[in-house]
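First the structure, in the form of structure tokens, and then the observations on it.
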Amino acid sequence: MNSPHSTGFTAPPKKQLGQHFLADRHYIDRIVMAVNPKEGDFMVEIGPGQGAITLPLLRQHPRLTVIEFDRDLIAPLTAAAAPLGELTIVHRDVLQVDFTELAGEGKLRLVGNLPYNISSPILFHALDHAAAISDMTFMLQKEVVDRMAAAPGSKVYGRLSVMLQAWCEVTSLFLVPPGAFRPPPKVDSAVARLVPRDPAKVGIEDPQRFAAVVKAAFGQRRKTLRNALDGVCCPAQFEAAGVRSDARAEQLEVPDFIALANAPRD
Ligand code: SAM
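Per this note's numbering, the very first residue in the sequence shown carries number 4; after that it's consecutive.
Pasting the structure below:
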């Protein structure tokens, strides 16, 4: 009989798809509790795999959309989900899925034990669609969650921290040890919640310009901003933003980056 947390499908995990399946019920329950789906929520899971999160979620919320790239997992998922609720499977690379189109008039609640090899691209992809997302509960490498939630001055504060924290409230929820997965990954994992802010209140005038300033600033993080942002920000822009050009990127708060990107050229 199938375990209640798995389709029972036992093909060898595909390393290139980051397949580390959750097998510890304690952590699965904690994730589902953290998500806490409510009636009417538009729940979307990225990478359902063998259903470790999908099936318990479906029991609480009998309508779920999942995005899975591995064709071999589709039939077992469909069969395991059938008695539990309405599962819509989008068989695609998540990076090709237009979340805004998927959301339609509503907003998505994203959940996923993400494939770690593409977790940062997935986060940036979600940012591109932040206005269509009400929240995200993701399992990632602990090291990535540390970077996502890092504060200025921290060694791991960088582009990912500033980009995510500008557009979302980021909270690290709890750690998950390698032994909770089959096969176990080599690294610790952590679950994080991201709640997109109201774009009108974020205050970024030109998202592309903001992204370019943050990228250039951390591209050469040991240099002063004056040097790292040579050709990107002029002295008048530093002055208008109230940002010292002899500071380093890691010393700036998120609002400083926003002010710098918004500052008019003289
Ligand atoms: N949710 C399951 C669990 O917790 O056991 C599986 C998680 S596993 C870490 C990641 C899942 O993402 C796998 O099922 C894998 O096939 C799927 N995946 C990998 N790359 C993907 C992509 N580009 N688009 C959609 N799904 C992908």
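Every residue, glycine too, gets a C-beta built ideally from N, C-alpha and C.
Bear in mind the structure is a predicted one, so any value in this text is a computation, not a measurement.
Taking the CA atoms as reference points, Gln63 sits about 16 Å from Ser9. Residues of the same chain with a CB within less than 8 Å of the CB of Val216, apart from the 5 flanking positions on each side, are Leu232, Val235, Cys236, Phe260, Leu263 and Ala264 in chain order. Note on geometry: alpha-carbon atoms of Phe24 and Phe177 lie some 18 Å from one another.
Only residues of its own chain outside the window of five on either side were considered, and among them Gly21 and Gln144 have a CB closer than 6 Å to the CB of Tyr119, listed in chain order.
Phe221 carries a helical assignment under DSSP once its states are collapsed to helix, strand and coil. Two segments are said to touch when three or more pairs of C-beta atoms, one from each, lie closer than 8 Å; by this definition the segment 130-149 touches the segment 90-102. For His128, the Cβ stays outside the 7 Å cut-off from all heavy atoms of the ligand SAM. The C-alpha of Leu90 lies about 52 Å from the C-alpha of Arg229.
In the DSSP assignment, Gly115 forms a beta bridge with Phe141.
Counting along the chain, Val198 sits inside no alpha helix (DSSP H); it lies in the beta strand (DSSP E) bounded by residues Ser192 to Pro199. Residue environment analysis places Arg112 among the buried positions, since at least 16 neighbouring C-beta atoms fall within 10 angstroms of its C-beta. With a beta-carbon spacing of about 5 Å, Ala252 and Arg224 fall inside the 8 Å limit used to define contacts. The residues Met46, Leu60, Arg112, Val114 and Thr140, in chain order, have a CB closer than 8 Å to that of Val38 in the same chain once the five nearest residues on each side in sequence are set aside. Around Gln168, the same chain offers Val257 as residues with beta carbons nearer than 7 Å, after the five sequence neighbours per side are excluded.
The beta-bridge partner set that DSSP reports for Leu178 consists of Ala193. Counting only runs that start and end inside the segment 30-109, the alpha helix (DSSP H) elements of at least 4 residues fall at 57-63, 77-84 and 102-106. Arg150 counts as buried, since no fewer than 16 other beta carbons sit within 10 angstroms of its beta carbon. Contact check for Thr68 and Val97: beta-carbon distance about 12 Å, past the 8 Å limit, so the pair fails to qualify. Put simply, the backbone Cα of Glu146 is about 20 Å away from that of Ile49.
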